[in-house]
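Residues in the sequence shown are numbered consecutively from 14, following the numbering used here.
All C-beta atoms, glycine included, are put in the ideal place defined by N, C-alpha and C.
If you're wondering where the values come from, they're calculated on a predicted model, not measured in any experiment.
Working notes for the structure below.
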Amino acid sequence: VCGALNVTVSPGPVVDYLEGENATLLCHVSQKRRKDSLLAVRWFFARPDSQEALMVKMTKLRVVQYYGNFSRSAYRQRLRLLEKRRGTLYTLSVLTLQPADQGHYVCKVQEISKHRNKWTAWSNGSSGTEMRDLYVYAVLVCCVGILSVLLFTLTIIWQSVFSKRKSRVRHYLVKCPQNSSGETVTSVTSLAPLQPKKGKRRKEKVDVPPAVPAK
14 VCGALNVTVS
24 PGPVVDYLEG
34 ENATLLCHVS
44 QKRRKDSLLA
54 VRWFFARPDS
64 QEALMVKMTK
74 LRVVQYYGNF
84 SRSAYRQRLR
94 LLEKRRGTLY
104 TLSVLTLQPA
114 DQGHYVCKVQ
124 EISKHRNKWT
134 AWSNGSSGTE
144 MRDLYVYAVL
154 VCCVGILSVL
164 LFTLTIIWQS
174 VFSKRKSRVR
184 HYLVKCPQNS
194 SGETVTSVTS
204 LAPLQPKKGK
214 RRKEKVDVPP
224 AVPAK
């Protein structure tokens with residue numbers, strides 16, 4: 014290999030999709046060394062806890078081949094590798110996304126041409142992107158939203174209960190419990206001192222002796 018191709022994958026470096034959607038990754042190729050050369054395009058896939066595995070390949074003769082578990086019919090029906098522009102743009106489509114499709118996708122391109130009746134690799138290049146399933150993040154965001162609403166509701170309820178208790182304490186400061194006669198007596202009726210009641214003076218009757226008749 015004498016040089017490097019300029020390979021770029023888009024969208025990237027991270028792309029988010031919802032479960033069930035169709036994802037399309039673009040592999041752009043430029044700076045070929047020879048005009049008559051052909052390109053072999055390979056897509057690799059790696060989960061966070063595993064190594065890269067070859068998914069699908071388009072040979073220099075534009076024949077699509079599937080590898081490993083991706084050669085099963087369940088995967089083949091969901092994978093599409095196409096050449097959109099001759100020698101410059103290739104697309105990988107993953108249909109009906111599933112949680113297992115989350116991971117790192119890498120496009121590796123090799124430039125090949127015949128030299129002295131032998132196929133020779135002149136250059137190669139690679140680029141990748143990470144695909145995430147937004148279903149997990151949507152669930153997390155939803156849970157956070159629900160928790161926020163619950164906390165807000167609990168705060169309102171607590172403030173309401175606290176204010177009611179406060180008002181009851183004020184009420185008890187004004188009114189006392191019932192006395193033995195069953196009447197409710199206020200603790201403070203008036204701050205003014207009690208004035209003695211003015212009683213009416215009764216005029217005492219003076220016993221007047223009877224008059225003595227004159228002789």
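Alpha carbon of residue i to alpha carbon of residue j, nearest angstrom
i    : j    : result
H128 : R75  : 20 Å
V28  : E143 : 6 Å
N130 : K73  : 15 Å
G138 : E32  : 31 Å
G302 : A53  : In the structure as shown, the chain starts at 14 and stops at 228, and residue 302 therefore has no counterpart that could be examined.
L110 : T37  : 11 Å
Y80  : T166 : 54 Å
T168 : T104 : 52 Å
Q172 : Y30  : 42 Å
I159 : L18  : 49 Å
A66  : N35  : 21 Å
S176 : S161 : 23 Å
L204 : V174 : Model confidence at L204 stands at a pLDDT of 45, short of 50, so the residue's coordinates are unreliable; what they give is reported in the following sentence. Those two C-alpha atoms are separated by around 33 Å.
Y88  : A113 : 11 Å
Q90  : V20  : 26 Å
K70  : S126 : 17 Å
S84  : L163 : 48 Å
L92  : L108 : 7 Å
L43  : N82  : Just to set this straight, residue 43 is Ser in the shown sequence, not Leu. Cα-Cα distance, rounded: 31 Å.
A134 : D62  : 32 Å
Environment of residue i [buried if 16+ CB atoms lie within 10 Å]
i    : result
E124 : buried
W56  : buried
K48  : exposed
V119 : buried
S136 : buried
Residues that residue i bridges to, as DSSP identifies them
i    : result
S126 : T133
L167 : None; L167 has no bridge partner.
D114 : DSSP output for D114 lists no bridge partner at all.
R98  : L102
G158 : In DSSP, G158 forms no bridge with anything.
M144 : V28, G116
S139 : K121
K70  : R55, Q78
Residue closest to residue i, alpha-carbon to alpha-carbon, out of the options
i    : options               : result
S86  : L18, E96, M68, N35    : M68
K97  : S106, Q90, V174, V162 : S106
V77  : N19, E65, L94, P26    : L94
V122 : L160, P112, S50       : S50
S23  : S140, G116, R46       : S140
G116 : Q64, Q172, V174, W171 : Q64
A59  : R145, S136, L39       : R145
G25  : C40, N19, N35         : C40
K45  : L102, K70, A113, V162 : L102
Quiz item: Counting only runs that start and end within the segment 18 to 66, where is the beta strand (DSSP E) found for 3 or more residues in a row?
Solution: Counting only runs of 3 or more, we get 19 to 23, 27 to 30, 36 to 43, 51 to 59.
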